[in-house]
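Here it is as structure tokens:
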């Protein structure tokens, strides 16, 4: 039993990170009923921004968030305002295609600027580890990830519940016409929502960049992880996203332990496919 | 009558052009022609799913990878004649399509798109961890050296012509009528006795079969097959570009789109790194300014179709 405690604990901690990876996708779906295929690339874009600030200004990766988060908010806001808002009324496909086009553009622009080399946001957090009951070691970075993940999800939950902007976003999501009558400009609200989603992408991008190496094309991999998280938890459900992260993290590490490291991603995908088949609306998804 | 005659002449000219291409041009042009033919085939099959059956698949690469690997394994390991191996690739794709259909047909819309993508990724991981197909390093496809360029070209051309004909006659058949009814209103059509599952299932299998065949021919022309490239989302991205630029839900769209795509690819290959950025920009531009694609927009303006599938 003891030997499975390690993948369980680390899986749960990894799940906290996956929760933040998925939350932006989940938010956009919950609010606009659209799927942003460029979400993973926005994450990796943030990782590279952080790398840039880290190299130029010599900041700690977590500190670079002070610059990266507002920058990504701005980018998300503009993307929604000038690209996505123009196709919101035309169903699912145009939005999918535009975000796909955006994804390709970001990936290849990164490739052009930063070359295909593997990068990472180096910190001492990766080397340090915490001794867990004298049985195994937990990398310190996993604890940081989990704490940050829980913090982001909690903060977002409170933001949606307590602030005017949170209410406006919910109102526009529930009934656009009624929200308009109440003096809410849905287009602007959607732009804010995409900005916030981009901020979560910035946070997850920096965390992922500190934990793993990344390439210009890594966005696709994280997009699929985000899908996994969001589908397991139910598209558009905030607590579900956290649960989805945990399920995916634990199943990946268990799969890796039992079948070998090459199958780590595969076991996550298989859980995802089983859930998609049995409950296409996710574990906590209402509809 | 006049419109019909123009149509016939145009089709005959196009066919004559395709058939005689290797006789009067260079090897390079034939290669470009082959690429166009294969992309027309692949894009028509994606269009059959996304444009006519309402199944936006992001997982066509699973059939491309499987077709390619079947070709490699059966021709290299078992010495099966090369074109028979291509056929095997098609059959393997159908088997895969039947196996996953129980799962993916429960998913709708976005979930279907994601589900098919995840299956393709999972297959990529399986193949890259499978010693029999040499893990992630990939396999050499040896017999490709012995084939003449024009032989491969004609295989691609036959596939291209038959896939366009297949979609055309499929849409003119009762199944085509049923598909359009489902696309317009699935609940109403089901009430009137259309078996939605059966219609979609047939399209899915046909699409898988032809995609598997096309993948075989595609890899005849390649020397090497590698799991993350063969099962990569890049294939479906290309198909998406082609169908969106050309016009989704039209027969001519994938043809025109494939020509534009392959030519753009050739011209832009000098600008390594920029070519995909430009393609991404073109896609976004087309969605904004010609939402129905080039062919769709032209058809709306002129009302003329090369392959009319509507019944007057």
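Residue numbers (the working numbering), protein chains in the order written: chain A, 1 to 287; chain B, 1001 to 1312.
Even glycine gets a Cβ: it sits at the ideal position worked out from N, Cα and C.
Bear in mind that the values here come from a model prediction, so they are computed numbers and not experimental data.
Within 10 angstroms of the Cβ of residue 211 (chain A), are there 16 or more other Cβ atoms? Answer buried if so, exposed if not.
buried
Taking only the alpha-carbon atoms, compute the straight-line gap between residue 103 (chain A) and residue 2 (chain A) and give it to the nearest angstrom.
43 Å
For the stretch 1180-1210 of chain B, list every residue whose C-beta sits within 7 Å of some C-beta in chain A, in sequence order.
Within the stretch 1180-1210 of chain B, no residue has a Cβ that lies closer than 7 Å to any Cβ of chain A.
Could you name each continuous beta strand (DSSP E) segment of 3 residues or more that falls completely within the stretch 16-69 of chain A, going from the start of the chain to the end?
Not a single unbroken stretch of the beta strand (DSSP E) spanning 3 or more residues falls wholly within the stretch 16-69 of chain A.
Keeping to the same chain, check which residues put their C-beta closer than 6 Å to that of residue 1072 (chain B); ignore five residues upstream and five downstream.
1139, 1141 and 1225
Using C-beta distances below 6 Å, list every residue in its chain close to residue 1252 (chain B), excluding the 5 sequence neighbours before and after it, in chain order.
Here the set comprises 1295 and 1306.
In angstroms, rounded to a whole number, what distance separates the CA positions of residue 181 (chain A) and residue 91 (chain A)?
23 Å
Only counting the same chain, and skipping five residues up and downstream in sequence, which positions put a Cβ closer than 8 Å to that of residue 176 (chain A)?
186
How long is the line joining the alpha carbons of residue 16 (chain A) and residue 1078 (chain B), rounded to whole angstroms?
48 Å
What residues of chain C sit near residue 1126 (chain B), judged by a beta carbon separation below 8 Å?
The structure shown contains no chain C; its protein chains are A and B.
Under 8 Å by Cβ, that's how I've got residue 1297 (chain B) and residue 1290 (chain B) pegged, so tell me the actual separation to the nearest angstrom.
Approximately 4 Å separates the beta-carbon atoms of residue 1297 (chain B) and residue 1290 (chain B); this is inside 8 Å, confirming the contact.
Within 10 angstroms of its Cβ, does residue 1235 (chain B) collect 16 or more other Cβ (buried), or is it exposed?
buried
Got a sec: is the Cβ-Cβ distance from residue 1096 (chain B) to anything in chain A below 8 Å?
no
Hey, would you say the C-beta of residue 1270 (chain B) is under 7 Å away from at least one heavy atom of the ligand NAP?
Ligands displayed in this structure: none; no statement on the ligand NAP is therefore possible.
So is residue 1173 (chain B) buried or exposed if we call it buried at 16+ other beta carbons inside 10 Å?
exposed
So what does residue 1238 (chain B) bridge to, in DSSP terms?
In DSSP, residue 1238 (chain B) forms no bridge with anything.
Could you list which residues in chain B have their beta carbon closer than 7 Å to that of residue 108 (chain A), in chain order?
The answer, in chain order, is 1273, 1276 and 1277.
Check whether the stretch 195-209 of chain A touches the stretch 18-27 of chain A, counting contact only when three or more Cβ pairs, one atom from each stretch, lie closer than 8 Å.
yes
Quick one: grab the DSSP three-state call for residue 1215 (chain B).
For residue 1215 (chain B), the three-state secondary structure derived from DSSP is helix.
Take every Cβ of the stretch 31-40 of chain A, pair it with every Cβ of the stretch 78-98 of chain A, and state whether three or more of those distances are shorter than 8 Å.
yes
Is there a Cβ of chain B sitting closer than 8 Å to that of residue 225 (chain A), yes or no?
no
Could you compute how far the alpha carbon of residue 1120 (chain B) sits from the alpha carbon of residue 9 (chain A)?
30 Å
How about the stretch 259-279 of chain A and the stretch 235-243 of chain A: do they share at least three Cβ pairs that are nearer than 8 Å?
no
Could you tell me whether the Cβ of residue 1229 (chain B) comes closer than 8 Å to any Cβ of chain A?
Taking Cβ atoms only, chain A never reaches closer than 8 Å to residue 1229 (chain B), which makes this a no.
So is residue 1111 (chain B) buried or exposed if we call it buried at 16+ other beta carbons inside 10 Å?
buried
Are the beta-carbon atoms belonging to residue 1167 (chain B) and residue 1255 (chain B) less than 8 Å from one another?
no
Applying a beta-carbon distance threshold of less than 8 Å, which residues of chain B neighbour residue 271 (chain A)?
Near residue 271 (chain A) there are no residues of chain B at all, since even the closest Cβ is about 10 Å away, more than 8 Å.
Measuring only the C-alpha atoms, how far is residue 1026 (chain B) from residue 1258 (chain B)?
20 Å
Return the chain-ordered list of same chain residues with a C-beta closer than 7 Å to the C-beta of residue 1186 (chain B), the five sequence neighbours on each side being excluded.
If the five residues before and after residue 1186 (chain B) are omitted, its C-beta is found closer than 7 Å to the C-beta atoms of 1196, all from its own chain and listed in chain order.
Counting contacts by CB-CB distance shorter than 8 Å, is residue 115 (chain A) in contact with chain B?
no
I'd like to know whether the C-beta of residue 249 (chain A) is nearer than 8 Å to at least one C-beta of chain B.
Cβ-Cβ to chain B under 8 Å: no for residue 249 (chain A).
If distances are taken between C-alpha atoms only, which option among B:1109, B:1053, B:1070 and B:1130 comes closest to residue 1206 (chain B)?
B:1053
Return the Cβ separation of residue 1171 (chain B) and residue 1309 (chain B) in integer angstroms, given the expectation that the two are a contact with Cβ distance under 8 Å.
4 Å
From this set, A:278, A:6, A:263 and A:274, which residue's C-alpha is nearest residue 1136 (chain B)'s C-alpha?
A:263
What alpha helix (DSSP H) runs, 4 residues minimum, are completely inside the stretch 1261-1305 of chain B?
1274-1289 and 1293-1302
Would you report the Cα separation of residue 78 (chain A) and residue 57 (chain A), rounded to the nearest angstrom?
26 Å
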